[in-house]
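Reviewing the structure listed below.
In my numbering, the protein residues as written are 40 to 370.
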């Protein structure tokens, strides 16, 4: 019996090792970090021994990339134990060649900056207290300064962005050609409480960034785009997702219990389309919801997420089962 158990564990280990390699592709080149990002031993589990971060401006040798959606890059960080680490592809600039050679020259090139080529969306919602407290924004986020000074209290989900995606492009679909953002005052007034950078930045820097990178890649006008995103954020904030997070302000929240609540209310399909994003391994910073191309901005998340692609993982950067939900002010 003991021998059989050992044999089972050995076979399982080999299977898991093969599965992990099967979704990655060897590459050769460099990765230059532009931010201090968590470097994970396993990005799916959110494990980061030593709490290692990349150094902005430093170049690292690239070993492989996540072949499923090209979101993660495995780099070699010299001078540390377990130097092979996974970092987000958005953390820097990449210069590498695939280890494998594509066969056939008749394939059409993938277009990742052409409008209306997307096949899905991701709705990214920020938990503002956690973001502002643990993100090194270096004075570039006036809304975070306002929270720190006690001039602003935000205890609901806020809008990071509504991102059109194209599967063939991984996370790199964006920056399409389009008109500059020029929102109506009525749109800004509705949006500002839910995207608080608009309350303090007359240049509307963050909104313009999101529009230029993501909004230009779909067919709605800038006003329609942000008002649609606003409707989605309000729906999620009023759902079990938002209410459960808000009920745990100032406390540790069980990830397993969170997803059990979502599953009980909306079903497994909806639960499988949500990712919790953490800073520092345990502080809730963001919630991402996968949406289909023709989503319905409905308060029922099972309707909103129906037909969307399954999230790659339930957690991104969250170590263990518990995440801490920061409280804003005394509320």
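Where is the CB? At the ideal position from N, CA and C, for every residue including glycine.
#### Entry: Rounded separation between residue 59 and residue 90 - CA only
Locating residue 59 in the chain shown gives position 20, counting from the first residue. Locating residue 90 in the chain shown gives position 51, counting from the first residue. With a pLDDT of 42 at residue 59, under the threshold of 50, the modelled position of this residue cannot be trusted; read the value that follows with caution. Approximately 22 Å, taken between the alpha carbons.
### residue 299 vs residue 175 beta-carbon contact at 8 Å
For the purposes of this step, residue 299 is taken as the residue at position 260 of the chain shown. For the purposes of this step, residue 175 is taken as the residue at position 136 of the chain shown. No.
### Task
Quick one: give me the first and last residue of the alpha helix (DSSP H) that residue 276 is part of.
Here residue 276 refers to the residue found at position 237 of the chain shown. 261 to 277 is the span of the alpha helix (DSSP H), which, as asked, contains residue 276.
### Segment limits, alpha helix (DSSP H) that includes residue 182
Taking the first residue of the chain shown as position 1, residue 182 is located at position 143. Element bounds for residue 182: 181 to 187.
### Message
For residue 348, which residues in the same chain have their Cβ closer than 7 Å to its Cβ, ignoring the five residues on either side in sequence?
### Response
On the chain shown, position 309 is the one that residue 348 refers to. So the qualifying residues of the chain are 159 and 329.
### Message
Using a Cβ-Cβ cutoff of less than 6 Å, which residues in the same chain neighbour residue 264 once the five nearest sequence positions on both sides are dropped?
### Response
By one-based count along the chain shown, residue 264 stands at place 225. Excluding sequence neighbours, residue 264 sits near 254.
#### Entry: 8 Å Cβ shell around residue 94 - same chain, five flanking residues per side excluded
The count along the chain shown starts at 1 and reaches residue 94 at position 55. The beta carbon of residue 94 sits closer than 8 Å to the beta carbons of 72 and 75 from its chain, once the five residues preceding and following it are set aside; these are given in chain order.
### Task
Report the residue from 345, 185 and 122 whose alpha carbon sits nearest the alpha carbon of residue 240.
If you number the chain shown from 1, residue 240 lands on position 201. Nearest C-alpha to residue 240: 185.
### Query
When DSSP labels each residue in this structure, what does residue 324 get in the three-state scheme?
Position 285 of the chain shown, counted from the first residue, corresponds to residue 324. DSSP places residue 324 in strand when its eight states are reduced to three.
### Message
Pull the bridge partners of residue 125 from the DSSP assignment, please.
### Response
Locating residue 125 in the chain shown gives position 86, counting from the first residue. In the DSSP output, where bridge partners are listed per residue, residue 125 has 79 and 113.
### Message
Measuring straight from C-alpha to C-alpha, what distance separates residue 276 and residue 290?
### Response
Position 237 of the chain shown, counted from the start, is the residue given in the question as residue 276. Position 251 of the chain shown, counted from the start, is the residue given in the question as residue 290. Straight-line Cα distance between these residues: approximately 18 Å.
### Query
Roughly how many angstroms separate the alpha carbons of residue 237 and residue 121, rounded to a whole number?
The residue you call residue 237 lines up with position 198 of the chain shown. The residue you call residue 121 lines up with position 82 of the chain shown. Rounded to whole angstroms, residue 237 to residue 121 spans 42 Å at the Cα level.
### Same chain, Cβ closer than 7 Å to residue 262, five either side skipped, listed in chain order
Against the chain shown, residue 262 aligns to sequence position 223. Cβ neighbours of residue 262 beyond the five flanking positions: 222, 223 and 226.
### Task
For residue 230, I'd like the list of residues in its chain whose CB is within less than 7 Å of its CB, leaving aside the five on either flank, ordered along the chain.
Sequence index remark: in the chain shown, residue 230 carries index 191 (1-based). The answer, listed in chain order, is 237, 265 and 269.
### Exposure of residue 214, with buried meaning 16 or more beta-carbon neighbours within 10 Å
As a working mapping, residue 214 is identified with position 175 in the chain shown. Looking at its Cβ environment, which holds fewer than 16 other Cβ atoms inside 10 Å, residue 214 is exposed.
### Query
Can you list, in chain order, the residues of its chain whose CB lies under 6 Å from that of residue 233, leaving out five sequence neighbours each side?
Sequence index remark: in the chain shown, residue 233 carries index 194 (1-based). Within the same chain, residue 233 has close Cβ partners 197, 198, 269 and 272.
### Message
Excluding the 5 residues flanking residue 303 on each side, which residues of the same chain have their C-beta closer than 8 Å to its C-beta?
### Response
As a working note, residue 303 is residue 264 in the chain shown. Nothing listed; no residue qualifies.
### Task
Could you work out which residue in 217, 360 and 243 is closest to residue 228 when comparing CA atoms only?
As a first step, residue 228 must be located in the chain shown, where it is residue number 189. If you compare the alpha carbons of 217, 360 and 243 with that of residue 228, the shortest gap goes to 243.
### Message
Taking a contact to mean a Cβ-Cβ separation below 8 Å, would you say residue 124 touches residue 78 in this structure?
### Response
Along the chain shown, one-based indexing puts residue 124 at 85. Along the chain shown, one-based indexing puts residue 78 at 39. Against a cut-off of 8 Å, the Cβ pair of residue 78 and residue 124 comes out as a contact.
### Task
Please state whether DSSP places residue 73 in a helix, a strand or coil.
As a first step, residue 73 must be located in the chain shown, where it is residue number 34. Coil at residue 73, not helix or strand.
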